[in-house]
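Residue numbering for the sequence shown is 212 to 386, as defined by our numbering.
Encoded as structure tokens, the structure appears first; notes follow it.
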Amino acid sequence: MSIDDYLPTFVVEAVYDLKPEMLREHGIRAVLVDLDNTLIAWNNPDGTPELREWLDDMTEADIPVVVVSNNKYSRVERAVEPFGVDFVSRAMKPFTRGIDMAIERYGFDRDEVVMVGDQLMTDIRASHRAGIKSILVKPLVKSDAWNTKFNRWRERRVLKKIEAKYGKITYKKGI
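Written as structure tokens, this is what we have:
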């Protein structure tokens, strides 16, 4: 394992900061996005008006958005159903299962896909393994579900190594 396997392509404050024109400038034509603490707060499954606006912007720009989540089907379906977003559940990140399923389902070109997520250990690692670009975002809320706490502890250790090699990670308002 190399520390580079956890290095995101881009680092952005929030998924809502991603604008269609920015994505196109980097050759990105499809967005895969983690659910909990990336698209919605893990403890607020109903999302926000900001989420609706962002999804509408992506739809108008003809940039498909697919949720790729490690959560079970019923949890992801309940969260995304009001927004009409397709999804892959039980994605098994940091493995590529969910990313590969989304890419194959839509016939996306890997060079034109990005995975957006709040965790180095799952989202960013899976992106590297799948050969696609990645965007690390800040978690929407400071708390995590019980099963994410261990990953956060490991993530802090990996982040220190990344910053020792590449310098401090700075979250930006765009890519």
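Built from N, CA and C at the ideal position, the CB exists for glycine as well.
{"Item": "With a threshold of 7 Å (Cβ to nearest heavy atom), would Ser338 be considered close to the ligand SAM?", "Value": "Ligands displayed in this structure: none; no statement on the ligand SAM is therefore possible."}
{"Item": "For Asp268, which residues in the same chain have their Cβ closer than 8 Å to its Cβ, ignoring the five residues on either side in sequence?", "Value": "Lys230, Pro231"}
{"Item": "Looking at the C-beta of Ser280, does it have a partner C-beta in chain B at a distance below 8 Å?", "Value": "No chain B is part of this structure, which consists of one protein chain only."}
{"Item": "Between the beta-carbon of Tyr382 and the beta-carbon of Val226, is there less than 8 Å?", "Value": "no"}
{"Item": "If you scan the segment 260-336 from start to end, which runs of the alpha helix (DSSP H) of 4 or more residues do you find wholly inside it?", "Value": "260-271, 284-291, 308-317"}
{"Item": "How many angstroms separate the CA atom of Arg240 from the CA atom of Arg367?", "Value": "31 Å"}
{"Item": "In angstroms with no decimal places, state the Cα-to-Cα distance between Lys283 and Asp247.", "Value": "12 Å"}
{"Item": "Give every residue of the same chain whose Cβ lies closer than 8 Å to the Cβ of Glu288, excluding the five residues on either side of it in the sequence, and list them in chain order.", "Value": "Phe298, Ser300"}
{"Item": "For Ala313, which residues of its own chain have a beta-carbon under 7 Å away from its beta-carbon, when the five flanking residues on both sides are left out?", "Value": "Leu243, Val277, Val279, Val299"}
{"Item": "Buried or exposed for Tyr317, going by 16 or more other Cβ atoms inside 10 Å?", "Value": "exposed"}
{"Item": "Given a cut-off of 8 Å on the beta-carbon distance, is the pair Leu347 and Ala252 in contact?", "Value": "no"}
{"Item": "Under DSSP, the alpha helix (DSSP H) around Leu234 begins and ends at which residues?", "Value": "231-236"}
{"Item": "Can you tell me which of Lys371, Pro305, Pro293 puts its alpha carbon nearest to the alpha carbon of Ala341?", "Value": "Pro305"}
{"Item": "Could you say which of Gly385, Ile386, Val369, Leu266 lies nearest to Gly378 if we only look at CA atoms?", "Value": "Val369"}
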